[in-house]
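Data block below; observations after.
Protein chains: 2
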Amino acid sequence: MNGNETFDQLAKFTRETALLESISYTLEWDERTYMPTGGRAYRADQVTYLAGMAHRRRTDPQMGDWIAELQQSELAGDRHSDAGATIHRIGRDFERACKLPQDLVEGLSRATVVGQQRWEDARKADDFAAFLPALEEIIRLKIESAERLADGGNLYDALLDEYEEDAKSEQLTEVFRDLRSELVPLVAAIRDSKTQPNTDLLRRNFPVDAQRAFCKQVAEAVGFDFTRGRLDETSHPFCTSLGPSDCRILTRYDAHWFPGALYGTLHEAGHGIYDQGLRGDQFGLPPGTYVSLGIHESQSRMWENMVGRSLPFCQHFYGELQRTFPEALSDVDVNAFHFAVNTVEPSLIRVEADEVTYNLHIIIRFELEQALISGDLKPKDLPEAWNQKYQEYLGITPPNNADGVLQDVHWSAGLLGYFPTYTLGNLIAAQLFDAAGEALGDLDAMFAKGEFSPLRTWLNENIHRHGCVYSPNELVQRATGKPLSSQPLVGYLKQKFGALYNL
Amino acid sequence: MNGNETFDQLAKFTRETALLESISYTLEWDERTYMPTGGRAYRADQVTYLAGMAHRRRTDPQMGDWIAELQQSELAGDRHSDAGATIHRIGRDFERACKLPQDLVEGLSRATVVGQQRWEDARKADDFAAFLPALEEIIRLKIESAERLADGGNLYDALLDEYEEDAKSEQLTEVFRDLRSELVPLVAAIRDSKTQPNTDLLRRNFPVDAQRAFCKQVAEAVGFDFTRGRLDETSHPFCTSLGPSDCRILTRYDAHWFPGALYGTLHEAGHGIYDQGLRGDQFGLPPGTYVSLGIHESQSRMWENMVGRSLPFCQHFYGELQRTFPEALSDVDVNAFHFAVNTVEPSLIRVEADEVTYNLHIIIRFELEQALISGDLKPKDLPEAWNQKYQEYLGITPPNNADGVLQDVHWSAGLLGYFPTYTLGNLIAAQLFDAAGEALGDLDAMFAKGEFSPLRTWLNENIHRHGCVYSPNELVQRATGKPLSSQPLVGYLKQKFGALYNL
């Protein structure tokens, strides 16, 4: 058999595995939108069954044979061809999967199922001690996983690698340190400014039905394709693709907090536009798959913040906004609205944080995770360490653990090494946005006229359509001509908030 | 290995197959409710893949070995025990499934996914020619299936057998002839009566949002459990169970035709109440599975017609109805409303047909299907044959194919041999309703007070909880003390409509 036949077999097998996984995503989407509560137990059986089937396929020894043969073939020669990227990425994922023994995978699966239940109860009861044993078990198993994956290298990097191919903690530490040194004084200057927004106007009455229609209109305007996707409601918003032309985004509505739905929709629409820009003919294979969580997040954050929270965006939609919400907005001018949706204020909860303070929340988690994995920090000492860092970086101390160390689901689900990709997303978004502006000209003038397709097309050509053919760092270098740096984000934040807060 | 161990293996394997099928049903529900049009092609791939997997399992030689061993064991001795019924039914299904080769099953699955999509477009565009190639392929594959299943016997019976264990076309032809001989003069007498309802009042303005809320309330009142189910919208209403406690019913709304949504909801709720009354611990096995389409339809038709179109039912809900639709109903008294929802009039659309003419629609389809399968009628000649029969049996000719031969989804989904079960359902419903009345006393007095649980409980005990432990004919005999006959339906129709139309 020649390399091409082997490649076709590997590709067919991998596409079928992806098809099974896409079925799971459909079941999960239904569970989080429409499923009646009675359906829970059987739905868990269905998803578990499919997950087991997919995992057996992802670690099938036949996969190893195909990969070993193809890695020696000419097809693997060009890492940046469709075939080369496919062999590289599938080989990498297979190697990772095989380093983890079955009992460790199952142990972690059990520990995180228990962990998420304990976490949910502990958060409600504000009782960290009730969560601690489950957390200790998860950390122990994650350290063991990292040891097996790292082959003597950096343990935290081995975890990061699952979410972000190029990320290394040494580099992240440096970039995050630069970022922090710029953000802390910016936050202080904003706090001390005499110019402050009126955030209360966003808490007026915004009827939910009107929000639904408006959010859909905005998602459509920026380019989310509703013939190949949907917008629904859920308690914890997300974006999931159930097929090459079936992307589901979800948001939530609060009649007395309008930015939640609007910017939540734009955020998920940004994720959706990435998925919709992937090559459908390569669905299930690396060239048709998103490359990393950091790149994915760069798309959501760009549409949410750099586009959606810009003045020209607000200006373009403001007439429609006032007509849609006359009770809330008829006496509010667009500048007041724009300032309000850009309020900067140190706060306790990451998911509600503004653009400036958000990254400080991430840096805190990044530092704590590294200490947990190295063993320098024991899980039992987390609340104290958490609160100290919040005081040091944000100037506030959580009054309880529910709004402190217990706020995020991630650790209870075994997702260590995941948080840094949020800030990577912000850094990449700013750097791409600068490069898009240089390439396309006056983006602000386009947004003011409701022209979002030039930016979307630029992202499609420079990011989306490449899938995993380039690594995250390669993609950034190719699209912007520079390696990843904190300067574009710092420059963007200083300029935008300097003007708003009259610094 | 003893019989019990073999039985446990067979049961576990069968439950897993049912789990895969339940996943398919979830994908199909999504396709018909919320999926964007872009999702169609990949959804077809997903469903086809699962169908292939389920069929391989249903025909796995290991199944044959288990069944052969169990058919000789003591467990098979009592056909009406859980184990005996399981062995009987799985054995019967296995024998059928093994007659169909894998490529035929997969071809049919793909043809019907495509067929339903083409049908939907063709119906919208009133373009039979656009549907014809897909239909020809489906008919071709169904004839091939019938030939393989029939072993030289009647081809149409081989298809009927899939939906109705006890049914044979020869008997059906006879029963339907008896029925027609009673219905035709009844329709004529009604047409000539001087007492006629005012149907126009049902075409007044019934706002859709209010219909949605009211229909949900009625479904809940008759006993559909919304903690274990949902009511959604679709173009062609149906009921599907995605798990033992997750039943989805669907209806459609027309602001100027209220009975469509109300009686559509009651019909699907009747199906749903049957599914919700099956034994959850036996989900996926014959004792927890509905026994036949005729029995299933008897439940939907009873709640829709014998309950929902009764005067006491209308009286019970009428205050709420007038409050919900003041514009349409404030000047209408309950008797006028009740007469209007029982209007008898030859019409084009089966699902909108009244109780008297409905069975004539079925007889037309039964005759056309037999001709299609025997080859006496070519698919391309269907529109003409359809229109001729409508003229002959109902005295009307469809003005277009959208309201004629394209009105039903069934053939596009490969469901040939399915239509006769609708009339069987009407026959069984009338016979069961008589028996329930004899057992429970004055049902009308109960309905007038909104008491629907005695009837529901009687059906649960006499029909639902038995699953496939008894055959359809056995269930009817046990529940009513008599074999199936057309007399109860004829008696019910003559009495009800004789009184309404003053015959």
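Protein chains in written order, with full-length UniProt numbering: chain A, 1 to 503; chain B, 1 to 503.
Idealized CB from N, CA, C, for every residue including glycine.
These numbers come from a predicted model, not from an experiment.
Check: Taking only three categories from DSSP, how would you classify C98/A?; Outcome: helix
Check: Could one say the Cβ of P237/A lies closer than 8 Å to chain B's Cβ atoms, at least one of them?; Outcome: no
Check: Between R58/B and Q62/A, what straight-line distance do the alpha-carbon atoms span, to the nearest angstrom?; Outcome: 26 Å
Check: Straight-line CA distance for Y49/B to G115/B?; Outcome: 17 Å
Check: Report yes or no: do the segment 379 to 386 of chain B and the segment 323 to 333 of chain B share at least 3 C-beta pairs separated by less than 8 Å?; Outcome: no
Check: Could you tell me if L503/B is buried or exposed, where buried requires 16 or more neighbouring beta carbons within 10 angstroms of its beta carbon?; Outcome: exposed
Check: For the candidate residues A328/A, M35/A and L183/A, whose alpha-carbon lies nearest to that of E392/A?; Outcome: L183/A
Check: How would you label Q72/A, buried or exposed, when you count the other beta carbons within 10 angstroms and need 16 or more for buried?; Outcome: exposed
Check: Could you give the first and the last residue of the continuous alpha helix (DSSP H) run that contains I463/B?; Outcome: Element bounds for I463/B: n/a, residue is neither H nor E.
Check: From G260/A to H267/A, what does the alpha carbon distance come to, in whole angstroms?; Outcome: 10 Å
Check: Sort out for me which residues DSSP pairs S241/A with in a bridge.; Outcome: C247/A
Check: Under 8 Å, do I23/B and L27/A count as touching if we go by C-beta distance?; Outcome: yes
Check: Taking contact to mean at least 3 C-beta pairs separated by less than 8 Å, is the segment 279 to 297 of chain A in contact with the segment 81 to 96 of chain A?; Outcome: yes
Check: Would you kindly check if the distance between the Cβ of L424/B and the Cβ of G294/B is under 8 Å?; Outcome: yes
Check: Tell me, please, which residues DSSP counts as bridged to D232/B.; Outcome: L250/B
Check: Taking beta-carbon pairs under 7 Å, can you tell me which members of the segment 214 to 234 of chain B lie near chain A?; Outcome: F226, T227, R228, G229 and R230
Check: Report the residue from A435/B, A150/B and I349/B whose alpha carbon sits nearest the alpha carbon of M302/B.; Outcome: A435/B
Check: Rounding to the nearest angstrom, what Cα-Cα distance links L75/A and Q46/A in this structure?; Outcome: 38 Å
Check: Using a Cβ cut-off of 7 Å, pull out every chain A residue sitting near L415/B, in sequence order please.; Outcome: By Cβ distance, chain A contributes nothing, its closest Cβ being about 24 Å from L415/B, past 7 Å.
Check: What residue ranges within the segment 113 to 164 of chain A form continuous beta strand (DSSP E) runs of no fewer than 3 residues, ordered along the chain?; Outcome: none
Check: I'd like the list of long-range same chain contacts for A479/A, defined as Cβ closer than 8 Å, with 5 residues on each side in sequence excluded.; Outcome: L432, A435, N462 and I463
Check: What is the rounded straight-line gap between the Cα of Q9/B and the Cα of R89/B?; Outcome: 16 Å
Check: Helix, strand or coil for Y422/B per DSSP?; Outcome: helix
Check: Does the beta carbon of Q211/A come closer than 8 Å to any beta carbon on chain B?; Outcome: no
Check: How long is the line joining the alpha carbons of V341/B and C468/B, rounded to whole angstroms?; Outcome: 35 Å
Check: How would you label H256/B, buried or exposed, when you count the other beta carbons within 10 angstroms and need 16 or more for buried?; Outcome: exposed
Check: So, helix, strand or coil for F452/B, using DSSP?; Outcome: coil
Check: How big is the Cα-Cα spacing for K168/B and L311/B?; Outcome: 36 Å
Check: Taking I87/A as the reference, give the member of Q102/A, A68/A, K99/A and L104/A with the closest Cα.; Outcome: A68/A
Check: Would you check if there are 3 or more beta carbon pairs closer than 8 Å linking the segment 354 to 370 of chain A to the segment 125 to 132 of chain A?; Outcome: no
Check: CB R420/B to CB L160/B, shorter than 8 Å?; Outcome: Checking the sequence, you will find Pro at residue 420/B rather than Arg. For P420/B and L160/B, yes; Cβs fall inside 8 Å.
Check: With DSSP run on the structure shown, which of helix, strand or coil describes Q407/B?; Outcome: coil
Check: In three-state DSSP terms, what is V341/B?; Outcome: coil
Check: Please compile the residues from chain B whose C-beta is within a distance smaller than 8 Å of the C-beta of T26/A.; Outcome: T26, L27, D30 and Q46
Check: Looking at K142/A: is its Cβ nearer than 8 Å to the Cβ of G414/A?; Outcome: yes
Check: Given a threshold of 16 other Cβ atoms within 10 Å of its Cβ, counted over all protein chains shown, does A429/A qualify as buried or as exposed?; Outcome: buried
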